[in-house]
Amino acid sequence: MANSASWKLILKMSLLILFIIVAGLFLFSLIGSRVTKNIDTYTYNLPFKKGTKHRIVQGYGGLFSHKNIAALDFYMPEGTPVCAAREGVIYTFEDDSDEGGPFPGYEKKANFIIVKHNDGSFGCYWHLKKNGVVVKSGLVAKGQLIGYSGSTGFTLSPHLHFSVKRKLDYEKDSFVRTRFNTSSGIKLLENGKIYERLSD
Ligand SMILES: [Zn+2]
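Taking our numbering, the leading residue of the sequence shown gets 31, the next gets one more, and so forth.
If you want it as structure tokens, here you go:
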């Protein structure tokens with residue numbers, strides 16, 4: 031007869047296999063949600079006015095809408111001035127929408143500005159308010175007012191979504207992580223923390 035020792039062995043082996051499967055799925059989900067390892071060498075300004083501060087409400091790889099993408103959401107009330115994080119040329123913009131909501135179906139309703147930088151990358155400023163684009167063509171200086179925040183497109187609440195991309199698609203490595211000049215030093219930004227733009 032199968033003695034209790036062999037049943038125990040079967041049980042142990044089953045538990046081990048189950049553990050390997052669960053651990054494998056866990057590791058896979060970590061790898062699956064990972065954002066790009068690329069970090070820009072440029073030091074960006076925080077994309078709002080000097081001497082003001084805003085909290086990151088969704089960081090790199092955030093599960094709500096940043097899975098696999100290196101983007102940052104700064105909480106800010108509608109109508110907050112948005113400033114260029116880096117100098118460049120207005121590449122394209124949209125500011126005729128007044129619709130937004132917490133479903134992916136709203137994605138195409140976002141107002142935005144895309145600034146092309148001199149290394150070919152793009153600074154993307156999303157969810158601006160209706161008629162909230164101030165600079166519509168030509169050069170923008172680092173720190174210059176370019177628009178006003180809002181809550182258009184796929185969004186739970188008013189905020190500014192900012193990302194830097196090397197290509198204008200949603201591939202993981204089209205994004206690049208960026209360091210910012212903050213009142214607490216030059217750093218990558220973390221979810222949940224508040225960052226203040228230095229007065230210069
Ligand atoms: Zn976002």
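We treat Cβ as the ideally placed atom computed from N, Cα and C, and that holds for glycine.
Query raised in the report: Beta-carbon separation of Lys202 and Ile86 under 7 angstroms?
Result: In this structure, Ile86 does not lie closer than 7 angstroms to Lys202 by Cβ.
Report task. Tell me, please, whether the CB atom of Glu220 is closer than 7 angstroms to any CB atom in chain D? Result -> Among the chains of the structure shown, chain D does not appear; only one protein chain is present.
Report task. Measure the Cβ-Cβ separation of His9 and Gly118 and say whether it is below 7 angstroms. Result -> Residue 9 lies beyond the range of the chain shown here (31 to 230); nothing can be said about it.
Query - Cα-Cα separation between Leu39 and Ile51, rounded to whole angstroms - result: If you take the alpha carbons of Leu39 and Ile51, they lie about 18 angstroms apart.
Query raised in the report: When you compare only the Cα positions, how much space is there between Leu218 and Asn98?
Result: Rounded to whole angstroms, Leu218 to Asn98 spans 17 angstroms at the Cα level.
**Report entry** Tyr74 versus Ser229, Asn221, Glu220 and Thr212, residue with shortest Cα-Cα distance
**Finding:** Comparing Cα-Cα distances from Tyr74 to each of Ser229, Asn221, Glu220 and Thr212, the minimum goes to Thr212.
Query raised in the report: Going by beta carbon distance, what residues of the same chain come within less than 6 angstroms of Asp128, once the five residues before and after it are set aside?
Result: If we look at Asp128 and ignore the five residues flanking it on each side, its Cβ neighbours are Lys160.
Report task. Enumerate in chain order the residues of its own chain whose CB-to-CB distance from Lys172 is below 8 angstroms, with the five nearest sequence positions on each side excluded. Result -> Closer than 8 angstroms at Cβ, skipping near neighbours: Asn75, Ala114, Ala115, Arg116 and Glu117.
**Report entry** Nearest candidate by alpha-carbon position, reference Lys138, set Ala101, Gly130 and Ile144
**Finding:** Measuring from the Cα of Lys138, the nearest candidate turns out to be Gly130.
**Report entry** 3 or more residues per run - each beta strand (DSSP E) lying fully within the region 72-128
**Finding:** Uninterrupted beta strand (DSSP E) stretches at least 3 residues long and entirely within the region 72-128 occur at 83-88, 101-105, 111-113 and 118-124, given in chain order.
Query raised in the report: Is it buried or exposed for Tyr200, if we count other Cβ within 10 angstroms and need 16 for buried?
Result: Result: exposed.
Requested in this report: Tell me whether Leu175 sits in a helix, a strand or coil according to DSSP, three-state version.
Outcome: Looking at Leu175 - three-state DSSP - the assignment turns out to be strand.
Report task. Select from Asp126, Thr66, Val165 and Asp103 the residue whose C-alpha is nearest the C-alpha of Gln174. Result -> Residue Val165 is the option with its Cα nearest to Gln174.
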